[in-house]
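S.K.:
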Amino acid sequence: MASKTHFTVTIPSIPGHVGGTVTCTEPAPQVYLLTLASPPDNRLTPPLCAALLEALDRAEFGGLRNGVLVTTSAIPKFYSNGLDLQLAMGTPGFTEESLYPLFRRFLTYPMPTVALVNGHCFAGGLMLAMHHDYRVFGGGVRGYMAVNELEFGAPLLPPMAGIFREKLSAPVYRTLALEARRFGGGEALEAGIVDVLGGWEDGVMKLVEERKLTTKGKMGVYGMLKEEMYRGQVALLDARGSEVVKAPVLMEREKKRKVEGARRVKAKL
Numbered sequence: 001m002a003s004k005t006h007f008t009v010t011i012p013s014i015p016g017h018v019g020g021t022v023t024c025t026e027p028a029p030q031v032y033l034l035t036l037a038s039p040p041d042n043r044l045t046p047p048l049c050a051a052l053l054e055a056l057d058r059a060e061f062g063g064l065r066n067g068v069l070v071t072t073s074a075i076p077k078f079y080s081n082g083l084d085l086q087l088a089m090g091t092p093g094f095t096e097e098s099l100y101p102l103f104r105r106f107l108t109y110p111m112p113t114v115a116l117v118n119g120h121c122f123a124g125g126l127m128l129a130m131h132h133d134y135r136v137f138g139g140g141v142r143g144y145m146a147v148n149e150l151e152f153g154a155p156l157l158p159p160m161a162g163i164f165r166e167k168l169s170a171p172v173y174r175t176l177a178l179e180a181r182r183f184g185g186g187e188a189l190e191a192g193i194v195d196v197l198g199g200w201e202d203g204v205m206k207l208v209e210e211r212k213l214t215t216k217g218k219m220g221v222y223g224m225l226k227e228e229m230y231r232g233q234v235a236l237l238d239a240r241g242s243e244v245v246k247a248p249v250l251m252e253r254e255k256k257r258k259v260e261g262a263r264r265v266k267a268k269l
């Protein structure tokens with residue numbers, strides 16, 4: 001897979017995360033590959049989100065021809081392991097200033113987007129992949145896709161849950177959220193979480209060629225069509241101020257509900 005390199009964006013290091021790079025190559029004409037390399041598992045930190053947003057801007061506005069944009073990981077074991085929960089909850093404005101703008105940019109990007117998932121893809125990592133137009137689960141990969149908030153005790157916020165509601169059937173969403181099932185490649189394909197099983201040639205390039213994806217953005221309305229198609233999810237991602245639902249508020253509400261419930265039961269004993 002001979003590639004022309006267009007640019008590299010640095011992911012600055014922060015305490016607990018070494019940083020890394022997002023590199024844009026062109027393995028085939030008008031097929032642009034953004035490769036994430038932020039060891040050990042491509043966590044969606046504020047610097048990584050910012051670097052990806054910069055890469056998307058450079059791919060769109062930096063002189064590249066309209067085509068197809070693919071993301072993948074340079075780390076064999078992980079596409080992305082999602083958020084660093086402590087960092088996310090301890091960084092004011094993280095979701096509405098870093099994470100949600102990244103999701104929105106992918107969801108309405110003016111070129112077709114493909115996530116080449118070549119390792120584990122958990123929680124926020126799966127949300128990122130779901131905001132792409134297509135998903136390819138790498139051939140021979142032994143990784144899993146899962147929404148495992150149930151396992152570590154975190155609620156799904158509306159802009160996080162919305163993309164699954166938009167793109168998956170209700171039974172699959174239920175299995176993801178309420179059972180935290182880990183989907184392997186075949187299961188993910190059957191459930192409609194991914195579109196194709198395969199690697200670069202037999203997965204991504206076959207999808208691009210069969211669906212003529214390099215031609216789809218040429219009229220300049222591709223992103224606009226997606227914005228209308230997913231208007232409900234776009235509205236959730238665009239929420240600001242008092243409209244933003246925050247995890248601590250949900251957790252406090254649940255704590256209060258349990259206290260009041262215990263009080264009601266005790267009063268009747």
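Heads up: the sequence shown is residues 1 to 269, going by UniProt numbering. Glycine included, each C-beta is placed from N, C-alpha and C at the ideal position. If you're wondering where the values come from, they're calculated on a predicted model, not measured in any experiment.
Mark Ala262 as exposed unless 16 or more other C-beta atoms lie within 10 angstroms of its C-beta, in which case mark it buried.
M.R.: Counting Cβ neighbours within 10 Å, Ala262 comes out exposed, since fewer than 16 surround it.
S.K.: At 4 residues or longer, what runs of the alpha helix (DSSP H) sit wholly inside the stretch 133–200?
M.R.: With a minimum length of 4 residues, the continuous alpha helix (DSSP H) runs that stay inside the stretch 133–200 are 149–152, 158–167, 170–179 and 185–191.
S.K.: Within the present structure, is the beta-carbon of Glu190 separated from the nearest heavy atom of the ligand GTP by less than 7 Å?
M.R.: The ligand GTP is absent from the structure shown, which contains no ligand whatsoever.
S.K.: Let's test the definition: count the other Cβ atoms within 10 Å of the Cβ of Pro39 and tell me whether it reaches 16, buried, or not, exposed.
M.R.: Result: exposed.
S.K.: Out of curiosity, what's the CA-to-CA distance linking Trp200 and Lys212?
M.R.: Straight-line Cα distance between these residues: approximately 16 Å.
S.K.: Hey, residue 273 and Leu236 are a contact pair by Cβ (cut 8 Å); roughly how many whole angstroms apart?
M.R.: This structure does not reach residue 273, given that the chain is present from 1 up to 269, and the question cannot be answered.
S.K.: Determine whether the beta carbon atoms of Leu56 and Tyr32 lie at a separation below 8 Å.
M.R.: No.
S.K.: Would Phe152 pass as an interface residue toward chain C - the criterion being a Cβ-Cβ separation below 8 Å?
M.R.: The structure shown contains no chain C; it holds only a single protein chain.
S.K.: Looking only at C-alpha atoms, which of Phe78, Arg65, Tyr79 and Leu99 sits nearest to Leu85?
M.R.: For the residues Phe78, Arg65, Tyr79 and Leu99, the minimum Cα distance to Leu85 belongs to Leu99.
S.K.: Only counting the same chain, and skipping five residues up and downstream in sequence, which positions put a Cβ closer than 8 Å to that of Phe94?
M.R.: Only Pro46, Leu87 and Ala88 meet the Cβ criterion.
S.K.: Taking 8 Å as the cut-off, decide whether the C-beta atoms of Thr214 and Gln30 are in contact.
M.R.: Their beta carbons are under 8 Å apart, which means Thr214 touches Gln30 by this criterion.
S.K.: Give a yes or no on whether the C-beta atoms belonging to Val9 and Ala51 are separated by under 8 Å.
M.R.: Taking 8 Å as the Cβ cut-off, Val9 and Ala51 qualify as a contacting pair.
S.K.: What is the C-beta distance between Leu168 and Gly192, in whole angstroms, given that I count them as a contact (C-beta under 8 Å)?
M.R.: Contact flag correct, Cβ pair sits at about 6 Å.
S.K.: Would you give the residue range spanned by the beta strand (DSSP E) that Val68 belongs to?
M.R.: From DSSP, the beta strand (DSSP E) with Val68 extends over Val68 to Ser73.
S.K.: Taking only the alpha-carbon atoms, compute the straight-line gap between Val208 and Lys77 and give it to the nearest angstrom.
M.R.: Each residue's alpha carbon lies about 25 Å from the other.
S.K.: Since residue 290 contacts Ile163 with CB under 8 Å, what's their CB separation in whole angstroms?
M.R.: Outside the modelled stretch of the chain, which goes from 1 to 269, sits residue 290, for which no answer is possible.
S.K.: My understanding is that Thr108 touches Lys226, with C-beta atoms under 8 Å, so please give their C-beta distance in whole angstroms.
M.R.: Thr108 to Lys226, Cβ: 5 Å. Contact.
S.K.: Distance, Cα to Cα, Ala180 vs Phe106?
M.R.: Ala180 and Phe106: Cα-Cα distance of roughly 25 Å.
S.K.: Do Leu34 and Thr5 have their CB atoms nearer than 8 Å?
M.R.: Their beta carbons are not under 8 Å apart, which means Leu34 does not touch Thr5 by this criterion.
S.K.: Check Tyr79 in the structure and name its three-state DSSP category.
M.R.: Tyr79 falls in the strand class under three-state DSSP.
S.K.: Taking DSSP as the reference, what is the three-state secondary structure of Leu269?
M.R.: In the structure shown, Leu269 sits in coil (DSSP, three-state: anything other than H, G, I, E or B).
S.K.: Could you check the C-alpha separation between Gly203 and Ala28 for me, to the nearest Å?
M.R.: Going from the Cα of Gly203 to the Cα of Ala28 covers about 14 Å.
S.K.: So what does DSSP say about Gly19, is it helix, strand or coil?
M.R.: If DSSP states are grouped into helix, strand and coil, Gly19 belongs with coil.
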